[in-house]
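**Q** Residue numbering for the sequence shown follows the numbering used here, starting at 4 and increasing by one per position. Input: one structure, supplied below.
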Amino acid sequence: MSTSAPTHRQAEESQTVQPEPRAASSHRAASSPRQNIKEEKSLLKRLLWPLVIAVVVIVLGVGGWFAWSSTRGAAVNTIDTSKYQAVFFTNGQVYFGKLQLAGGDYMKLTDIYYLQNNQQTAAEGEDANNPQQASTDQSNVQLIKLGDEIHGPEDEMIISKDQVLFYENLKTDGKVAQSIDQHKGSK
4 MSTSAPTHRQ AEESQTVQPE PRAASSHRAA SSPRQNIKEE KSLLKRLLWP
54 LVIAVVVIVL GVGGWFAWSS TRGAAVNTID TSKYQAVFFT NGQVYFGKLQ
104 LAGGDYMKLT DIYYLQNNQQ TAAEGEDANN PQQASTDQSN VQLIKLGDEI
154 HGPEDEMIIS KDQVLFYENL KTDGKVAQSI DQHKGSK
């Protein structure tokens, strides 16, 4: 019997099982090593730049803090504690004494003196309005020990660094240092 109709067995053989096609883009991305490397490099670049910027900012911040803190303490390191200092304030006052760091933004001045100007007028009977006689007036500057005032302050001053224009270490043979030594010797 030869029939041209296919048999059941032939029909089964003619039907081949083919796998279902996968999504083309996901299949290619997973299978292509070049694509994987490019994606990894792109990801690395995206993560690396913010990291580099963060490290640079941190390094600059720490460096700036060290520079700032070292300059704030630099002036205090030049205080010669074996000598007296003249401390010039922003309000025009000048005090003499032993200057030292009190911590933070403050300094401490001890053994304090200041200058007071006592003007002596011409002798009695002379005309004070006469310019020639008025020119004979003499200025008498006295060194006053802090604590002798009516309000009786202690011989210590805590000073904000912001109120200090500058200070100077005094020579031991200067007039102010000698006057302080004389005052101490007389007590």
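No residue lacks a Cβ here, since even glycine has one placed at the ideal position from N, Cα and C.
Using beta-carbon positions only, say whether residue 149 and residue 86 come within less than 9 Å of one another.
**A** Along the sequence shown, read from residue 1 onward, the residue named residue 149 stands at position 146. Along the sequence shown, read from residue 1 onward, the residue named residue 86 stands at position 83. Cβ distance not < 9 Å, so residue 149 and residue 86 don't count as in contact.
**Q** For residue 134, collect the residues of the same chain with a Cβ closer than 8 Å to its Cβ; drop the 5 residues on either side in sequence, then sort them by chain order.
**A** For the purposes of this step, residue 134 is identified with residue 131 of the sequence shown, where counting begins at 1. Reliability of the predicted coordinates at residue 134 is poor, the pLDDT of 49 falling under 50, and no value is obtained from them.
**Q** What does the Cβ neighbour count give for residue 184, buried or exposed, with the cut at 16 atoms within 10 Å?
**A** Taking the first residue of the sequence shown as position 1, residue 184 is located at position 181. Residue 184 should be labelled exposed.
**Q** Between the alpha carbons of residue 231 and residue 162, how many angstroms are there, rounded?
**A** An answer regarding residue 231 cannot be provided, because it is not within the stretch 4 to 190 covered by the chain.
**Q** CA-CA distance, residue 91 and residue 155?
**A** Residue mapping note: residue 91 aligns to position 88 of the sequence shown, counting from 1. Residue mapping note: residue 155 aligns to position 152 of the sequence shown, counting from 1. The alpha-carbon atoms of residue 91 and residue 155 are separated by roughly 22 Å.
**Q** What is the C-beta distance between residue 102 and residue 118, in whole angstroms, given that I count them as a contact (C-beta under 8 Å)?
**A** As a working mapping, residue 102 is identified with position 99 in the sequence shown. As a working mapping, residue 118 is identified with position 115 in the sequence shown. In fact, because the Cβ distance is near 17 Å, the residues do not count as touching under 8 Å.
**Q** Run the CB neighbour count on residue 100, radius 10 Å, all protein chains shown included, and call it buried at 16 or more, exposed below.
**A** The count along the sequence shown starts at 1 and reaches residue 100 at position 97. Buried is the call here.
**Q** Please classify residue 150: does DSSP put it in a helix, a strand, or coil?
**A** Against the sequence shown, residue 150 aligns to sequence position 147. Note: residue 150 maps to coil in three-state DSSP.
**Q** Give me the Cα-Cα distance between residue 82 and residue 61, rounded to the nearest whole angstrom.
**A** Here residue 82 corresponds to residue number 79 of the sequence shown, with the count starting at 1. Here residue 61 corresponds to residue number 58 of the sequence shown, with the count starting at 1. If I take the Cα positions, the gap works out to 34 Å.
**Q** Go ahead and pull the three-state DSSP assignment for residue 120.
**A** Here residue 120 refers to the residue found at position 117 when the sequence shown is read from its first residue. If DSSP states are grouped into helix, strand and coil, residue 120 belongs with the strands.
**Q** Going by the beta-carbon positions, is the gap between residue 98 and residue 186 smaller than 9 Å?
**A** As a position in the sequence shown, residue 98 is number 95, starting the count at 1. As a position in the sequence shown, residue 186 is number 183, starting the count at 1. No, the Cβ-Cβ distance between residue 98 and residue 186 is not below 9 Å.
**Q** Measuring straight from C-alpha to C-alpha, what distance separates residue 179 and residue 153?
**A** Within the sequence shown, the letter at position 176 stands for residue 179. Within the sequence shown, the letter at position 150 stands for residue 153. Near 23 Å, if we compare the C-alpha coordinates of residue 153 and residue 179.
**Q** Candidates 182, 121, 157, 164: which alpha carbon is nearest residue 143's?
**A** Position 140 of the sequence shown, counting from 1, holds the residue named residue 143. Comparing Cα positions, the closest option is 121.
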